[in-house]
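Novice:
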Amino acid sequence: NFTQADSIASIFVSLLIIKSGASLLKDSFNILIEAVPLKLDTDEILGVIKSVDGVKIVHDLHIWAISAGTNALIAHVVVDDMLSVAEISKMIKRIEHELSHAGIGHVTLQFESESLGHKDDLICELKSEHKDEHFGHHH
Numbered sequence: 001n002f003t004q005a006d007s008i009a010s011i012f013v014s015l016l017i018i019k020s021g022a023s024l025l026k027d028s029f030n031i032l033i034e035a036v037p038l039k040l041d042t043d044e045i046l047g048v049i050k051s052v053d054g055v056k057i058v059h060d061l062h063i064w065a066i067s068a069g070t071n072a073l074i075a076h077v078v079v080d081d082m083l084s085v086a087e088i089s090k091m092i093k094r095i096e097h098e099l100s101h102a103g104i105g106h107v108t109l110q111f112e113s114e115s116l117g118h119k120d121d122l123i124c125e126l127k128s129e130h131k132d133e134h135f136g137h138h139h
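Going by full-length UniProt numbering, the sequence shown opens with residue 1, and the numbers climb by one from there.
(1) Among L83, K39, V77 and G21, which one has its Cα closest to the Cα of E96?
(2) Kindly indicate if chain C contains any beta-carbon less than 8 Å away from that of M91.
(3) Would you call the stretch 79-92 in contact with the stretch 47-62, where contact means no fewer than 3 C-beta pairs closer than 8 Å?
(4) Does F135 come out as helix, strand or coil in the three-state DSSP assignment?
(5) Taking 8 Å as the cut-off, does the stretch 26-39 touch the stretch 61-68 (at least 3 CB pairs, one atom from each stretch)?
(6) Identify the residues that DSSP records as bridge partners of N30: which are they?
(7) I think A75 touches L109, with their Cβ atoms under 8 Å apart; what is that distance to the nearest whole Å?
(8) Please report how far the alpha carbon of A72 lies from the alpha carbon of L38, in whole angstroms.
(9) Among G69, G103, H106 and F111, which residue has its Cα nearest to the Cα of S89?
(10) Starting from the N-terminal side, write out each stretch of the alpha helix (DSSP H) that is 4 residues or longer and does not extend beyond the stretch 52-110.
(11) Given that a residue counts as buried once 16 or more other Cβ atoms are within 10 Å of its Cβ, and exposed if not, what is I104?
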């Protein structure tokens with residue numbers, strides 16, 4: 001009598017499909033809302049960038065998954081006013097290399113002069129500059 005065995009096998013296969021589907025749905029949702037990938041630690045990533053010689057401040061840090069297994073990062077990096085383009089290029093290569101080991105394959109960095117006076121905040125606020133309530137980027 002294989003009726004019970006067929007039923008048990010069907011239930012088992014159904015549970016496996018539901019479990020796999022739920023995991024895929026969760027991963028897809030996180031990609032769609034551009035959430036920080038669960039396997040990445042924002043503080044660790046920030047530490048990787050700040051550990052590169054010449055980096056003073058990192059702000060406006062955004063990390064998200066482009067697709068399953070492909071993570072992206074955008075950040076503003078404040079450096080000394082006197083650095084040359086060649087020195088900044090070396091820093092970019094070093095940061096990209098270190099971030100690739102941390103699981104981030106697509107990196108966009110905006111380098112800024114220390115004289116701009118940015119605070120060491122990860123998130124920038126939009127504040128009204130004028131009485132007509134136009135918003136600008138402030139630090």
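We put the beta carbon where it would ideally sit given N, CA and C, even for glycine. Quantities reported herein were computed from a predicted structural model and do not represent experimental measurements.
Specialist: Straight from the coordinates:
(1) Considering only alpha carbons, the answer is V77.
(2) Looking at the structure shown, chain C is missing, and only one protein chain is on hand.
(3) Judged by Cβ distances under 8 Å, the stretch 79-92 makes contact with the stretch 47-62, as three or more pairs qualify.
(4) In this predicted model, F135 has a pLDDT of only 46, less than 50, meaning its place in the structure is not dependable enough to derive any value.
(5) These segments touch.
(6) DSSP, once it has assigned bridges, lists no residue as partnering N30.
(7) Approximately 6 Å separates the beta-carbon atoms of A75 and L109; this is inside 8 Å, confirming the contact.
(8) Linking A72 to L38 through their CA atoms gives a straight-line distance of about 13 Å.
(9) When each option's Cα is compared against that of S89, the closest is F111.
(10) Listed in chain order, they are 85-101.
(11) Result: buried.
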